[in-house]
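Number of protein chains: 4
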Amino acid sequence: MTLWQSSAELGPDQGLLQFTGSLELDSRLFKYDIEGSVAWAEALEKAGIYNSDELQTVTQTLREIELDIERGQLQLDPQLEDIHMNIEAQLTSRLPDLGPRLHTGRSRNDQVLVDVKLYLRDQLAELKQELRQLLQAFVDRAAGEQRTVLPGFTHLQPAQPVTLAHYLMAFFEKFRRDYQRLDRGNQGLKTLPLGSGALAGSGYSIDREFLARRLGFAEPSRNSLDTVSERDFIFDLLHGLTVLALHASRLSEDWIIWSSPTFGFCRLEDSFTTGSSIMPQKKNPDILELIRGQAGRLLAAYQGLGSLLKAQPLAYNRDLQEDKFYLFIALDTVRSWLPLLARLVSSVRFNRDTMAAAAGKNFLAATDLADYLTERGVEFRRAHNIVRQLVELARKTDRKLEQLTTEELTAASSLLGDEVRQLLQPQASLERREIIGGTGPRVVQQAVERATDWLNEVES
Amino acid sequence: MTLWQSSAELGPDQGLLQFTGSLELDSRLFKYDIEGSVAWAEALEKAGIYNSDELQTVTQTLREIELDIERGQLQLDPQLEDIHMNIEAQLTSRLPDLGPRLHTGRSRNDQVLVDVKLYLRDQLAELKQELRQLLQAFVDRAAGEQRTVLPGFTHLQPAQPVTLAHYLMAFFEKFRRDYQRLDRGNQGLKTLPLGSGALAGSGYSIDREFLARRLGFAEPSRNSLDTVSERDFIFDLLHGLTVLALHASRLSEDWIIWSSPTFGFCRLEDSFTTGSSIMPQKKNPDILELIRGQAGRLLAAYQGLGSLLKAQPLAYNRDLQEDKFYLFIALDTVRSWLPLLARLVSSVRFNRDTMAAAAGKNFLAATDLADYLTERGVEFRRAHNIVRQLVELARKTDRKLEQLTTEELTAASSLLGDEVRQLLQPQASLERREIIGGTGPRVVQQAVERATDWLNEVES
Amino acid sequence: MTLWQSSAELGPDQGLLQFTGSLELDSRLFKYDIEGSVAWAEALEKAGIYNSDELQTVTQTLREIELDIERGQLQLDPQLEDIHMNIEAQLTSRLPDLGPRLHTGRSRNDQVLVDVKLYLRDQLAELKQELRQLLQAFVDRAAGEQRTVLPGFTHLQPAQPVTLAHYLMAFFEKFRRDYQRLDRGNQGLKTLPLGSGALAGSGYSIDREFLARRLGFAEPSRNSLDTVSERDFIFDLLHGLTVLALHASRLSEDWIIWSSPTFGFCRLEDSFTTGSSIMPQKKNPDILELIRGQAGRLLAAYQGLGSLLKAQPLAYNRDLQEDKFYLFIALDTVRSWLPLLARLVSSVRFNRDTMAAAAGKNFLAATDLADYLTERGVEFRRAHNIVRQLVELARKTDRKLEQLTTEELTAASSLLGDEVRQLLQPQASLERREIIGGTGPRVVQQAVERATDWLNEVES
Amino acid sequence: MTLWQSSAELGPDQGLLQFTGSLELDSRLFKYDIEGSVAWAEALEKAGIYNSDELQTVTQTLREIELDIERGQLQLDPQLEDIHMNIEAQLTSRLPDLGPRLHTGRSRNDQVLVDVKLYLRDQLAELKQELRQLLQAFVDRAAGEQRTVLPGFTHLQPAQPVTLAHYLMAFFEKFRRDYQRLDRGNQGLKTLPLGSGALAGSGYSIDREFLARRLGFAEPSRNSLDTVSERDFIFDLLHGLTVLALHASRLSEDWIIWSSPTFGFCRLEDSFTTGSSIMPQKKNPDILELIRGQAGRLLAAYQGLGSLLKAQPLAYNRDLQEDKFYLFIALDTVRSWLPLLARLVSSVRFNRDTMAAAAGKNFLAATDLADYLTERGVEFRRAHNIVRQLVELARKTDRKLEQLTTEELTAASSLLGDEVRQLLQPQASLERREIIGGTGPRVVQQAVERATDWLNEVES
């Protein structure tokens, strides 16, 4: 393990090199650099720079280099600054004549961009797969908790009863939007940067339409100065990841509170907690805490990239090398916990009884009772007054509303009697809310079914 | 003018009220609050809460209140906390019986959300109109500067000649992406929140499909807990505005440098600068500096909203009231300068001669000369060496490359002679780049034409 | 009330003016602008620009203008861009000859800076006073809760018993550091900017030592280019306010959780909550939620100022006008809730019984029991094993550790018997921690006393 | 080199481990963990947990482990989560009986904090040393450029002549404040956290005063709940580093502009630029661009830590593990370029002639000419009018002010004649500003001398 050294401790030139080099950051791009180079070689052949034999030699050598790196047989050299120079140096060393020609009409500026886009395309596909698993986990758990009732909270105060399925589907909706945002935010990844040269467009008659098709892009970019200076596609991705991470932080917060013994709404599977060697009942929700905390990394990365781009003159400036610093923090962070979160959702144990007990307390049906009166013609404000008095009465005598006597109910309003006891059950409150988007059991079941259909659709 | 007072200077209750109240922030929503309430009244009528006469009375009174506010005849009362309470209080005071009933089955939580979305729909339409004007300004100016040559910069060092039209179209592309992002980022605005109640869905049989159609939404939201807790639609908008503002900051930076006398590439129209009473030649680019500086507000707003949402438990918490603080800062900031920027682009005077002179210096054609040799079979690295020596020779004798004698050229390589002088003109460099996205004059002209077509299309 | 208008809706010049003007932002500085101008007039007299009669006339007229603004008899004119121009225009209109001369050797750049510093000096004094009241509230409440026991939490899991006094003193320590940080961060406010001119130093022989003394600064700034370009003193203050706000957000989070009925550790005084018209028991902790949420404003303001300053060329640029935007958001936000927070801390009702009950559950004494064994020579890991088994036994049979029978205890280890029951009380755990900084009752009492002394000291 | 893998690609448990583990982050703390442990062992001996022989064995073994890590003879094991567990496991494996006992009365919570503080103390000392070298570089260069004149800029427009020494001393002042801020911001590093236990204070009679002295702290922390939950000392450091980085970004921006050929004010030493293989004159200021860009990392880190701390309940939560992520980014970033910046400042070549030429243009003396008239009794506004006309005349005829004929001067005002030509030289403008903090040559020389004295003082 290398321990970090300041520039001052290194020799002067090594200090500079360590500072400007980016190999540690960009080595992960090697496959995509090769992929881009192979396509570029083909474009050069079409432009007459290579003949077809030369093309084959170059392509094959590039593939050999790729394999060597993959197998760890080629030691990357930090002295060569970045991954692109490493591969270039290898190619030149293996093909002293043909190697250098590969860089004809290409610049580091457009080369790096195409590498990053190819890399992100793969990353995004994997990320979306992981996100679908999380979405599936919510749907699966919701399917099994359609009759579980718990208090819905506002201001962290119990407000109205909801089903646990409804709650889980709320997060399904949040993460589904994230999925769609990552899909949509994908536009910039569809545009080929290669061929933009250093800033003014390649000086060779490169067929960029061919290159775009060859590398799976929808079309070549339309302005070289714009292309080498812009990082919108990274910024859009960072935004998408940030919203996703914030959603995860909210789920984490909820379940950290829920798994606190005082709440006791759920119990995390052991591997997602750390305990104490001495207190077997202690279950610290470390995973959730880290997910919650790491949402800050996304906000940080977004700010970093934003500050980086602010007031940068066109076209390319070396500052832009920093884009990958933020991109990789953002991407690695989300990908480090996304699969874990899906497993956590799948495995958490909900304490249905504790939830039900909490849903039965705190007069959650008071609103429904007032609605009942209003519907029967009692003036809005008067209805509220009646209910308020009943709640006050129940609270003082430490009873639930449904434990009030029939006399007490009728005394408050002649419209109230035994028949309202049914209304005061959480179940009744749920059933009043069979409205699109509401917590009514039937409508939630439909939501679960629609979600299943949607998942099947996007999977295929 | 009220000067700001701390809570401590006010009486205790006023201190609390000033702190929790949001009238100053949300008064701008009054029209949308009325619009949402009228639709809600109609939905209540369909649900049997109002009869049709009552509906008409309520609707008409709401419209009168709207008119009174518009005309300044109704003084809003900060004691009533926010705009929604102000309107509610007015309605109740004018219709003591019917007024309170309007709030049947509705909560502040879903009411505010629909107001904000209706407001944003209008704002976004205006913003996009302003953005189209900016895009038009770039296209118009580009059309007139297709033969203007200037040095393209990387690292703020002159790198290769480009046309000014190409440069202007680079910003067209950036702002066009912003336009499309604002369009796409619009998804959340298409979902109706109303009917979600406080958190669990309205307890009344409200026809949310009707409400959605009535208020111009694509569909009702699908989960009430999600709906009252989420602010994705604001976050997406903030992201869109942030990227837009960063692009504007980069244009500002460029033109602040360009209008510095040392560069002298352009001269801003007088109203966009402030001068000195004593130095008539001094033109401080204040507008551009403020646009550049205010990009920071967008980053700040994004960070603020992000921190706000991080780790918030479901469903609604009062913290969320802060969303408008960031939203309005972001929106007002961009809208305060966007029309100005369009005018500034339309009116800036480019100093073509200064640009041309700069494009003729600094050996910008060196790359092209090396390419010339390579194309004629000289090995890549040798070609570079030859050109480097010629540049060195020219630099030492303070000449341009094209001022080297034929002997000097030929001495360096027998492939070089008088005929390369043509190649060394900026014009030749441009013409070598007739590649999609390049700075070649023909391809740039096509870009201008395509842009015009696109603008015509989105205008209609 | 003016509703916000975009630049596009205003005429062209008004649009520009609204954009560049800052009257709304800086009008609060009027007193300090007058104060600075009076001192400057005196310096001009010493430099021979005014004679003593002229000085008196100018000074008196400035004071009249101040009074007129204070009394609302002078309508500030947004056409005049900012507060400084408003006052300047008034002075010139009242003293056509002497007025303009006041600006001899002074620039807007150094004038605004001195105004802001004088303003901040007053603001900081008030803020520190408010902060002392908050600190006093913690000490007062701690003094009364020295015997109240509650579970200390880590990971939101009950961990070990602590006294409520110890908990309250933890926040005392946090806010005390904030107090000291604001004190220390004060350095930049002690340096006089006036006399720096636009950027190169005043061109007149102004006695800056005199000016510094006259306006209560420790010394004149030492480099004019630095002075007009730097905003460190604002940045330091923003940092101080940010840390303070984050501390407040943590207290808010804790007490939002504590006042949730499920926890029930405390009950906020009614005026700090909002209720429901229908559920009298519902106490939404809106004030705490807003304080928690508004911590985001501070982070936003810090980010905004940081982005503003990044990469700004020397010396002055108009971007810097934005500094006040962030400064005032930060300052106003903290001052809007700081006095409220002190009142809230003073008035919150702690539910001692609920706390005590929670402290008795969850085996909080397990660690202490293991320590007991270790101290008596049991090997570390074996001691842990013994206790773990006892906890397991108690948990399965739904008892507390102290409810295990003597036989059960002795069976686990011959060192355990009746005498350890005492040890298992929360009180025993507290008393084991009579270590500096620990929760031991005596050491906490000393902490309260030290805090009282410290407060008396800083008050005087 | 390990390429990054997502959790999904690893087995389930490795995924969790990779996610929660922090070895990569905290391995750099190993020396400080040993140092803290040795002191803790001594405290345990004083508390009777070890006898003196045992203490010696433990201490010696810890030192051996330290040496083994230093020499790379001990492979750290990621399975053991972090550096503290690695060292603990080693100790236990080497001393099965004594090893575990070292953790008596200590918690990971207070142990990590003391490690980080000890680490930061060393880092800060080195950083300050590097900063002193930068300060020295400014003073040295200023000493040599006291007669070099260049235009001072506002709004990137030439405004008034200043000496290069004055400009360099402006940055000296900025970085000196940074130095002092890092010194002051040091308070939190002086407080010993060890002995706070997990949250409630150690359960053993540890002599924390001894520990504080032993480890070089001023005093033990005063509240255990506060201690384990707070990160103010990191936040203060991040603020200090942020301001420092922003200052560096401003210098970078200035010199990137200055070294652009159009300006040509300076030329960076070759090793601080990257060139083009083909254009030997091209000097891309990559180092400065990266320093400018990386200021964003600091803003990002600050935001990250801020978001992390916001609304965290007391006392310790696992989120806090993320503090080091931001701290190390901030610290490593600044330390990676700080020594380079000092070398860059020492080695940059200033083009005095180009600067002088620029200072002679653009009518920089216009203000001084107006002052000259005012001093001779011309009314303020009339003086400005006269000068404006002269500037206009000179500009139209493409002359400098001093090239106007005597007749032209006198025609404008009878007070003007040959004698003002002297005044119109940059030198005269400088000499008018012999005011504290001004650009007057004598006062700047004094500033340089004072700076030298100050540096000598802080060095010792």
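Protein chains in written order, with our numbering: chain F, 22 to 481; chain A, 22 to 481; chain H, 22 to 481; chain Z, 22 to 481. Idealized CB from N, CA, C, for every residue including glycine.
- Following the DSSP letters along the chain, one finds F:Pro-172 inside the beta strand (DSSP E) bounded by residues 170-175.
- Listed in chain order, the non-local C-beta contacts of Z:Val-249 below 6 Å within the same chain comprise Asn-130, Ser-217, Leu-220, Ala-336, Tyr-337, local neighbours out to five positions each way being set aside.
- Nearest neighbour of H:Asn-477 by Cα position, chosen from H:Val-160, H:Tyr-71, H:His-405, turns out to be H:Val-160.
- If you look at F:Thr-184, you'll find it in the beta strand (DSSP E) that goes 178-184.
- When Cβ-Cβ separations below 8 Å define contact, H:Gln-81 makes no contact with chain A.
- With a 10 Å radius around the Cβ and a threshold of 16 neighbouring Cβ atoms, F:Glu-166 comes out buried.
- Per the coordinates, the alpha-carbon of F:Leu-348 lies some 13 Å from the alpha-carbon of F:Leu-330.
- Among the residues facing chain Z, A:Leu-177 is included, as its CB has a counterpart in that chain under 8 Å away.
- Around the beta carbon of Z:Ser-481, fewer than 16 other beta carbons lie within 10 angstroms, which makes this residue exposed.
- Along the stretch 274-289 of chain H, the positions whose C-beta sits under 7 Å from a C-beta of chain F are Ile-277, Ile-278, Ser-281, Pro-282, Thr-283, Phe-284, read in chain order.
- The Cβ of A:Thr-375 sits no closer than 8 Å to any Cβ of chain F.
- About 5 Å separates the beta carbon of Z:Glu-455 from that of Z:Arg-463, a gap short enough to meet the 8 Å contact definition.
- A:Glu-240 has A:Thr-212 as its beta-bridge partners, per DSSP.
- Around the beta carbon of H:Pro-214, a 10 Å sphere encloses 16 or more other beta carbons of the protein chains shown; the residue is thus reported as buried.
- Per the coordinates, the alpha-carbon of H:Asp-136 lies some 38 Å from the alpha-carbon of Z:Thr-375.
- At least one CB of chain Z lies nearer than 8 Å to the CB of F:Asn-305.
- The three-state reading of DSSP puts H:Arg-370 in strand, counting E and B together.
- Between the C-alpha atoms of Z:Ala-269 and F:Ala-186 there is a straight-line separation of about 54 Å.
- Between Z:Leu-311 and F:Thr-41, the gap from beta carbon to beta carbon is short of 8 Å.
- Within the same chain, and ignoring the five residues on either side of F:Leu-437 in sequence, the residues whose Cβ sits closer than 7 Å to its Cβ are Leu-430, Thr-431.
- Using a Cβ distance threshold of 8 Å, A:Ala-158 and A:Ala-363 count as a contacting pair.
- At a cut-off of 8 Å between beta carbons, Z:Gln-446 makes no contact with chain A.
- Proximity to Z:Leu-422 across Z:Gly-459, Z:Phe-401, Z:Ala-380 peaks at Z:Ala-380, based on C-alpha coordinates.
- For Z:Arg-454, the three-state secondary structure derived from DSSP is coil.
- Residue environment: A:Gln-324 is assigned as buried (16 or more neighbouring CB atoms within 10 Å of its CB, all protein chains considered).
- DSSP links H:Thr-295 through a beta bridge to H:Asn-305.
- One finds Gly-224 in chain Z with Cβ atoms closer than 8 Å to the Cβ of H:Asp-389, taken in chain order.
- The Cβ-Cβ distance between Z:Pro-179 and Z:Leu-385 falls below 8 Å.
- The beta-carbon of H:Gly-461 is placed less than 8 Å from the nearest beta-carbon of chain Z.
- The contact set of A:Ser-435 on chain Z, defined by CB atoms closer than 9 Å, is empty, because the minimum CB distance reaches about 20 Å.
- For H:Gln-324, the C-beta contacts it makes with chain F under 7 Å involve Gln-324, in order along the chain.
- Collapsing the DSSP output to three states places A:Tyr-225 in coil.
- In this structure the stretch 268-286 of chain F does not touch the stretch 224-232 of chain A; the number of beta carbon pairs closer than 8 Å is below three.
- For the stretch 334-346 of chain Z, the set of positions with a beta-carbon nearer than 9 Å to some beta-carbon of chain H reads Pro-334, Leu-335, Ala-336, Tyr-337, Asn-338, Arg-339 in chain order.
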